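Number of protein chains: 2
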Amino acid sequence: MSSLTPSSAAASLIRKFGTNRILSPHLRSLCAISALPLPNVSVVTDPERPAAYVWSMTGLREYLDGPHKAARDLVRDGLAANAGLLDAGLELSRAEYRDKVLEVMQQITAEGHTARGFPKEFGGQGDLGGFIAGFETLAFGDLSLMVKAGVQFGLFAGAILHLGTSRHHDEYLTDAIEGRLLGCFAMTETGHGSNVQALGTTATYDPATEEFVIHTPTPAARKDYIGNAARHGRMAAVFAQLVVGGETHGVHCLLVPIRTKDGDPLPGVTLSDCGAKLGLNGVDNGRIVFDQVRVPRTALLDRYAQVDADGNYSSEIENPDRRFFTMLGTLVQGRVSVGGAAINASKVALTIAIRYADRRRQFGAPGSADEALLLDYRMHQRRLLPLLARTYALHFAQAELVEEFARLFGGDGVKDDHDQRALEAQAAGTKALGTWHATETIQMCREACGGAGYLAENRLATLKADTDVFTTFEGDNTVLMQLVAKGLLTNYRESFGKLDPLGTARFIAAQAVEIAVEKTALRTLIERLRDVVPNRNDAADPDAGLRDDAYHSGMLRFREEHMLAGVARRLKRGIDDGVEPFEAFNRCQDHVIAAGRAHVERVVAEAFLAAVQAAPEGAARERLRDLYDLHALVTIESERAWYIEHGRLSGARSKAITALVNELCAVVRPYAGELVDAFGVPGAAVDVPMVVPSQHE
Amino acid sequence: MSSLTPSSAAASLIRKFGTNRILSPHLRSLCAISALPLPNVSVVTDPERPAAYVWSMTGLREYLDGPHKAARDLVRDGLAANAGLLDAGLELSRAEYRDKVLEVMQQITAEGHTARGFPKEFGGQGDLGGFIAGFETLAFGDLSLMVKAGVQFGLFAGAILHLGTSRHHDEYLTDAIEGRLLGCFAMTETGHGSNVQALGTTATYDPATEEFVIHTPTPAARKDYIGNAARHGRMAAVFAQLVVGGETHGVHCLLVPIRTKDGDPLPGVTLSDCGAKLGLNGVDNGRIVFDQVRVPRTALLDRYAQVDADGNYSSEIENPDRRFFTMLGTLVQGRVSVGGAAINASKVALTIAIRYADRRRQFGAPGSADEALLLDYRMHQRRLLPLLARTYALHFAQAELVEEFARLFGGDGVKDDHDQRALEAQAAGTKALGTWHATETIQMCREACGGAGYLAENRLATLKADTDVFTTFEGDNTVLMQLVAKGLLTNYRESFGKLDPLGTARFIAAQAVEIAVEKTALRTLIERLRDVVPNRNDAADPDAGLRDDAYHSGMLRFREEHMLAGVARRLKRGIDDGVEPFEAFNRCQDHVIAAGRAHVERVVAEAFLAAVQAAPEGAARERLRDLYDLHALVTIESERAWYIEHGRLSGARSKAITALVNELCAVVRPYAGELVDAFGVPGAAVDVPMVVPSQHE
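Chain order of the listed sequences is R and P. Final position of the first sequence in the numbering used here is 884; the numbers increase by one with none missing. Final position of the second sequence in the numbering used here is 884; the numbers increase by one with none missing.
See below:
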């Protein structure tokens, strides 16, 4: 399977199915790319005839793996070695499963998988890009392991690294990185998940003892859903309102021991278990309540703000909102990682479902004793192949994001504010799109495999259950899309206002609305797009240019900018008319979120296009090109009502797009198996009974 | 909460929130329906001022419960009494959970819940409508219990009743109905789920011993996913190819013992376990392999076909396809039941998510110390309230379906073929739409509750996992939608051809295409619709008539009939052009399925409208009317691209529909809590910690 010429593929199909018409579109395209005549005897009798070029799957897989191939392969090998974990969640009790996950996590830690992203002086390799790539690859395996590793190394150790200073690094970082000191990232509370600026937990400085008193003042201030809290965590990075000298300075992070080495809760700390969850039952999510727990002054992670022994608070960042969001920068890594994990989980599901559809037959095909393959049904192609194309698109967008993240966070620590805000928005958007995509894709794959897909042994069930929370953790997707739109509307300038809609609306109204809405700029944009975006007058030739890159980009950019300008206008008009900012915002909240999404979709499509253009010449690039066209056109098709409403598409052209999407599905179909092979998901994760039935029969 | 006047509701909101603008749309509508002036001091000071009418939730709930209120209430009481079962799946081992489900099933059987649908002579009440209504109501509780009861009473006992004759009834039916004889419905095989006409299991008559020999000739012919097979079933209704005198007569059903009373497999029977599943782990799905298992001649359920001692086969139904589909009529009840169960599971999820959204606050609202309620955010309304409206629509469509089912199957056994085909299509369509709706709704509810929604204690996780298979069991939804379209295209006439796409295409091509495609008829239809369906010339007043019933019906009917005619034309043209029938069908498979869906959506919307019109006058009807408008307009909105492409909607009017949908969400929002209360889901099923936190704190 590693290398197959189109002509031999065509010949093999002809041998297998005869010149059966069902497969003729596939044969036609196979022949077309190999410059063969349409199927005839000479192909069958001369299967080894040299093709115009070689279709190398190995090359495509390497291209997808990109610069972090080594990190990915190391995780792939580890996954294969720990394949047993994939069944652990099904057969073990919850407590046993959690312990098993911990055991494997500590084992892979010992093998050096997880330290990669940390500075060399603490045993790491200073390779942030490889760290994220490796983390993403964990999503090919047991997702509880991935999430637990994310909590321990990304969130807990990450908070120490990014928010602490040398004394914290020296004291804790190596133990945290090597998995000896297990910790929690105690941010979310029962009452506040999205609006973390309003957390209720307090950390009050007592100058008499030079201690902070950590306290949970109300039931709503209980720390909730905290990974590692129910069973394994010994310390927590606790986010709390810092109160010094009677004055509240906003949310800061402190290291608070919560358990003894024997696992007993420390005095004043009440720990409980969130119990069974829809998925991720190998992660011990729990709750923490603090009753006047005292920690030394040095427990404050004091990179961005300090409290001296006498109780004087100081910070180099004067604006409290800006300070808060700077500290929250630690969340970016989590969002980048979860987005990547979601995309990789989609690859697992598609690998399984497409292989199944390429061997499962149901209902009769004419002139053949066999029934037809599921993947030869148009509806089945329509359900799975656009999702395959979007997975490729998101893969490349994610790869771009990881490089930018590594550039900004992995370097000398000097970050440009504008770049960082842009990165945060991009991470938020990719996370939201990638995790919604995973939910949709895995669901579709499950349905496409019928009852077999419902059995745990075929893995889709677990994938679905484990990834479901991705859309709401590390930032609820709808809130993240608002963040994206806000960044665009304010052009990332001075956008340190609160995350809440009110702050956005006020900010837009007061300062920056002109940036996006400025009319002459918009007019110029529309002029610029007019040439590449045909409008209703395209009726004469509705198919013209549908596979033209400039057309796709033009359409996606037009939608993005038109929507953003519309939102800005509506917000400004509302405020000008004296509408309360919350209501002004709320009236167009759906519009705001759609605008954010339009932006991310455009960026993702352009990342895919750039990857196609940068690919080495040859068959793999041609296949990527087909997939890209499919993706771009499906994206436009899904919003075709909007395009028609806004005069950018005629009814005839809209129908032509749908017809071309169907056609492109048929073009991609013969390569679908190879396209999922190129994801390089280890066999342990995808060789399930319904795909490899001989294992069980 | 049982009775609240709009004026007191308005006053209470004003007391609670002041004259805060966030809530003003709700206040406005509350005031409007109670004929009050817009909020002012007099409302606040006179909260008990008599309203124009009383909003009675009790009345609405009774209206929803309809003629089978007693059956529903009996199940509600049973559910409350067995509330412990709701947690059983989380804490027990799979084996223990299965046994617990069996125990509760036998207990409710003893209480008379499950016999309701059977003839009185076997201990039943002959009340088929009440039986289905009660079964649907089981979906408020543990879904493993519901499915296991469905297998035992609907499928196994149903097969004996519908396919057997008096000797089978006398020997087995009472024991089956009373849960003493546990049985399987062994139809699906590993190799064949949708295409059951191609099952591989054989039942070969041996005249020498007057026995049938049941055999599994290939691994693909293994019975798979069979409920009750892994642990509890002692007998199976086995669907097999009947071979008599060397001739195969197609699929028939025979009763085959599989286990001893002690639970050991009988000789020649190999039983295995499907193991863990995504959900429904309280049901013991398993696999059955037969190795030359002999059963007496009388094991054949011989209502529609008989084999005499000498091995002469006879049937009153000569056409083998027609015979097969007549026997398959037993599946209709399963489809009706699953559709209803899915709709009820959606009610549970919406009750939880809407109550949560009506108490959960996040992010600041101006002029208030409190943060804003989630349900006051437009995006949250947009995500949940159209689903609430569709749940009502499906509820009423399902109620219509149940009555028609009871009429046809519960009567004297004389069925009109045309009516039965129409019922089968309607059951298929409602099942597909209802189960897709459940998957979408429960997913949305889970996401709308964030991390809390992911915890098993809040029930959405279990609901999601348990209902997920509904879209593919009892008929894969895509295959069912093809069945719907096929019935419409052939006008249910002589449509006894095979279920497969090929048969459909051939049939359409050969005989009946004129029925749907006849051009003059289509032209008449379009003329008829022109008056009520404004086209592009509506730009002058895009809002006109958007809440007009005739407009909604006209639009939905236009789409349905236009799509069906288009499919018929394409199929016919393909065949006329000499395209292989499979390929001709396959080229428009997406179109076929969309046409089926368009039909079901129109029927569902009309059922809702009929229910609104039939409701007693008063506030409840007004609220239903708002919900109906919301549902009808969201349905049109979701296909607005198609309507614009086909000249039935202008861009301006399309935007006006979206604006009105947003507005209707705001109109419905203040009643959302009462509208879910009216579903009457017992507290045990919905009083989860995130909604009633005091229980756990």
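All residues carry an ideal CB built from backbone N, CA and C; glycine is no exception. Bear in mind that the values here come from a model prediction, so they are computed numbers and not experimental data.
Under the DSSP assignment, R:L733 falls outside any beta strand (DSSP E); it carries neither an H nor an E label.
Between P:Y579 and P:F795, the gap from beta carbon to beta carbon is short of 8 Å. Under the Cβ criterion of 8 Å, P:R565 is counted among the residues facing chain R.
DSSP places R:E398 inside the beta strand (DSSP E), whose first and last residues are E398 to H402. Under DSSP, R:M631 shares a beta bridge with no residue.
A residue is called buried once 16 or more other Cβ atoms fall within 10 Å of its Cβ, and R:H605, having fewer, is exposed. P:R522 counts as buried, since no fewer than 16 other beta carbons sit within 10 angstroms of its beta carbon. Using a CB distance cut-off of 8 Å, P:F657 does not count as an interface residue toward chain R.
One Cα belongs to P:L261, the other to P:L251, and the distance between them is close to 16 Å. The C-alpha of P:M333 is placed about 21 Å away from the C-alpha of P:A584. Contacts with chain R at 8 Å (Cβ-Cβ) do not include P:S331. Per DSSP, the continuous alpha helix (DSSP H) segment holding P:D260 begins and ends at K256 to A268.
Identification of chain P residues near R:D663 by a Cβ-Cβ cut-off of 7 Å yields G637, ordered along the chain. Close to chain P, meaning a Cβ-Cβ distance shorter than 8 Å, are the following residues of the region 398-418 of chain R: P406, D411 and Y412.
Each of P:A423, P:D274 and P:G640 was checked against the Cα of R:G466, and the nearest Cα belongs to P:G640. For P:E298 and P:Y830, the gap between their C-alpha atoms comes out near 52 Å. If you check the CB distance, R:A801 and R:M750 do not come in under 8 Å. Neighbours of P:K651 across chain R, judged by C-beta separation under 8 Å: L465 and D655. The Cβ atoms of P:N415 and P:V338 lie closer than 8 Å to each other. By the Cβ test, the region 749-763 of chain R is in contact with the region 774-790 of chain R, since at least three Cβ pairs between them sit closer than 8 Å. Classified as buried, R:S837 has 16 or more neighbouring CB atoms from the shown chains inside 10 Å of its CB. Contact annotation for R:G341 against chain P: no contact, minimum CB-CB distance about 17 Å [criterion: below 7 Å]. DSSP places P:G521 in the uninterrupted alpha helix (DSSP H) bounded by T517 to A544. Annotation for P:Y815: F795, L796 and V799 place their beta carbon closer than 7 Å to its own, counting only its chain and skipping 5 residues before and after. If only complete runs of 4 or more residues are kept, the region 344-399 of chain R shows the alpha helix (DSSP H) at 344-350 and 361-364, in order along the chain. Look at the beta carbons and you see the region 842-859 of chain R not touching the region 517-534 of chain R: under three pairs across the two are nearer than 8 Å. Within the model, the alpha-carbon separation for R:A385 versus R:H402 is close to 15 Å. Of the candidates R:F866, R:V875 and R:G870, the residue whose Cα lies closest to the Cα of R:N531 is R:F866.
At a cut-off of 8 Å between beta-carbon atoms, P:R569 makes contact with chain R. Within 9 Å of the CB of R:D497, no CB atom of chain P is found; the nearest one sits about 33 Å away. Against chain R, the CB of P:R522 has no partner CB under 8 Å away; the residue lies outside that interface. Contact note: P:L277 reaches chain R through G462 and A463, using a C-beta cutoff of 8 Å and chain order. The Cβ-Cβ distance between R:T389 and R:A427 falls below 8 Å. Of all residues in the region 340-359 of chain P, none places a beta-carbon less than 7 Å from a beta-carbon of chain R. Neighbours of R:S841 across chain P, judged by C-beta separation under 7 Å: A828 and E832.
The region 296-314 of chain R and the region 442-460 of chain R do not touch, with fewer than three beta-carbon pairs separated by less than 8 Å.
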